[in-house]
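Student: First the structure, then my questions, so here it is.
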DNA sequence: ATCAGTTGTAACATATAGAGTAACATTAGA
DNA sequence: TCTAATGTTACTCTATATGTTACAACTGAT
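Residue numbers (the numbering used here), protein chains in the order written: chain A, 12 to 162; chain B, 12 to 162.
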């Protein structure tokens, strides 16, 4: 399948807004960082706004997080931007004349629910704040390494 | 994204082979149950065979599970048929000139790994045997309900 | 009041992967 | 030898994630 980057891009947008909160937060500027286009960023922001993670104001480039990054989980973002929100998908076109075809859909749905629950529990424990912290940690490591190699 | 049914279909194939082990196990017959086509079934069986879950013999319709269904986990099947095997996908095209774009890829990769690990741990605990058992349970429930309503 | 810049939104184009289909060489068993 | 099956490839079809373009509505500055 073709892989969706919606979650990754949405986290990127939120991190960008937090980190560059005093800089240029236009959809064009953000799109440059995501290496995508402004319309995609705006569409993502619509979803994030609907989920109550973000406020925007038409006409001004001032998106703002509605709450502290520590109170925004990866799960919040995931559910905001992934319509379906399912990691695994049941084939709902099976032959009902067959024992397997007649019962496998509900069987798999139950099993997939368990997997989903495990994944979401983990996602709920990863916050935007922790991700941003990691971004900074890696950034400082890179700067230190750069410093080191130029000596 | 367009959803892949490879995992669901692969489980279907394995369950079918186990349940109808004395019946017609041709790719055509299995395809009828999956409501798909023989080539798809054969392609899935190639993957399952490569993963050591199945043996087949060219010319004969005799696929066989290589081990007890209790020793085959959903994770085994998942890893057999999903090439990539990743539930979440990092956008690897970000602007390296930007603090976020330069560090978010590895950051998200680490986070996604944790989620993946949680999901896989759950998948490892779901066996083909338990799925087949559920299929039978639901089948018997349906038959009982049928019996009930016709009285 | 006007204007430049921006968001909100829709419509359309493009690229890609999953699935469908067809074909055929190879093999097994009758 | 014949039939039916698998193994494999090539091609088509289709859904959808993303890219692109366009424009109305809105904001703040001049």
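Built from N, CA and C at the ideal position, the CB exists for glycine as well. Note that the coordinates shown come from a computational prediction; the quantities given were computed from them, not determined experimentally.
Taking 7 Å as the threshold (C-beta atoms), are residue 26(A) and residue 111(B) in contact?
Tutor: Going by C-beta atoms, residue 111(B) is nearer than 7 Å to residue 26(A).
Student: Name, please, each residue of chain A whose Cβ falls closer than 7 Å to the Cβ of residue 122(B).
Tutor: Under the 7 Å cutoff, chain A gives 85, 137 and 142.
Student: Please report the straight-line C-alpha distance between residue 142(B) and residue 46(B), rounded to a whole angstrom.
Tutor: Residue 142(B) and residue 46(B): Cα-Cα distance of roughly 20 Å.
Student: Along the stretch 92 to 107 of chain A, what residues have a CB closer than 7 Å to any CB found in chain B?
Tutor: Listed by position, the residues of the stretch 92 to 107 of chain A near chain B (Cβ gap below 7 Å) are 98, 99, 100, 101, 102, 104, 105 and 106.
Student: In chain order, what residues of the same chain lie with their CB nearer than 7 Å to the CB of residue 19(A), ignoring the 5 residues before and after it?
Tutor: There are no such residues.
Student: I'd like to know if residue 155(B) contacts chain A, where contact means its C-beta is closer than 7 Å to some C-beta of that chain.
Tutor: For residue 155(B), the answer is no, since every Cβ of chain A falls outside 7 Å of its Cβ.
Student: For residue 2(A), I'd like the list of residues in its chain whose CB is within less than 6 Å of its CB, leaving aside the five on either flank, ordered along the chain.
Tutor: Within the shown structure, residues of chain A are numbered from 12 to 162, placing residue 2(A) beyond reach of any answer.
Student: How many angstroms separate the CA atom of residue 108(A) from the CA atom of residue 44(B)?
Tutor: Looking at the two C-alpha atoms, the distance is approximately 8 Å.
Student: With distances taken Cα to Cα, identify the nearest neighbour of residue 14(A) among 145(B), 103(B) and 147(B).
Tutor: Considering only alpha carbons, the answer is 103(B).
Student: Report yes or no: do the stretch 77 to 97 of chain B and the stretch 89 to 96 of chain A share at least 3 C-beta pairs separated by less than 8 Å?
Tutor: No: fewer than three Cβ pairs fall under 8 Å.
Student: Ignoring anything shorter than 3 residues or poking outside the stretch 32 to 74 of chain A, list the beta strand (DSSP E) runs there in chain order.
Tutor: Fully enclosed beta strand (DSSP E) runs of 3 or longer: 65 to 68.
Student: Applying a beta-carbon distance threshold of less than 7 Å, which residues of chain B neighbour residue 118(A)?
Tutor: Going along chain B in sequence order, the residues near residue 118(A) (Cβ under 7 Å) are 142, 145, 146 and 149.
Student: Would you mind giving the Cβ-Cβ distance between residue 84(B) and residue 30(B), rounded to the nearest angstrom? I have them listed as a contact below 8 Å.
Tutor: Residue 84(B) to residue 30(B), Cβ: 18 Å. No contact.
Student: What's the call for residue 135(B), buried or exposed, on a 16-neighbour Cβ count within 10 Å?
Tutor: That one is exposed.
Student: Curious, which full-length beta strand (DSSP E) runs of at least 3 residues does the stretch 69 to 134 of chain B contain?
Tutor: As far as the stretch 69 to 134 of chain B is concerned, its whole beta strand (DSSP E) runs of at least 3 residues are 71 to 76.
Student: Using a Cβ-Cβ cut-off of 7 Å, state whether residue 46(A) counts as contacting chain B.
Tutor: By this cut-off, residue 46(A) is an interface position.
Student: Can the beta-carbon of residue 114(A) be found closer than 7 Å to that of residue 146(B)?
Tutor: Yes, the Cβ-Cβ distance between residue 114(A) and residue 146(B) is below 7 Å.
Student: Is the Cβ of residue 34(A) closer than 7 Å to any Cβ of chain B?
Tutor: By this cut-off, residue 34(A) is not an interface position.
Student: Bridge partners of residue 145(B), per DSSP?
Tutor: Residue 145(B) is not bridged to any residue.
Student: Residues of chain A with CB under 8 Å from residue 134(B), in chain order?
Tutor: By Cβ distance, chain A contributes 126.
Student: Whose CA, out of 131(A), 127(A), 123(A) and 65(A), lies closest to the CA of residue 79(A)?
Tutor: Comparing Cα-Cα distances from residue 79(A) to each of 131(A), 127(A), 123(A) and 65(A), the minimum goes to 65(A).
Student: Near residue 36(A), which residues of its chain fall below 7 Å by C-beta distance, leaving aside the five closest residues on each side in sequence?
Tutor: Within the same chain, residue 36(A) has close Cβ partners 28, 72, 73 and 74.
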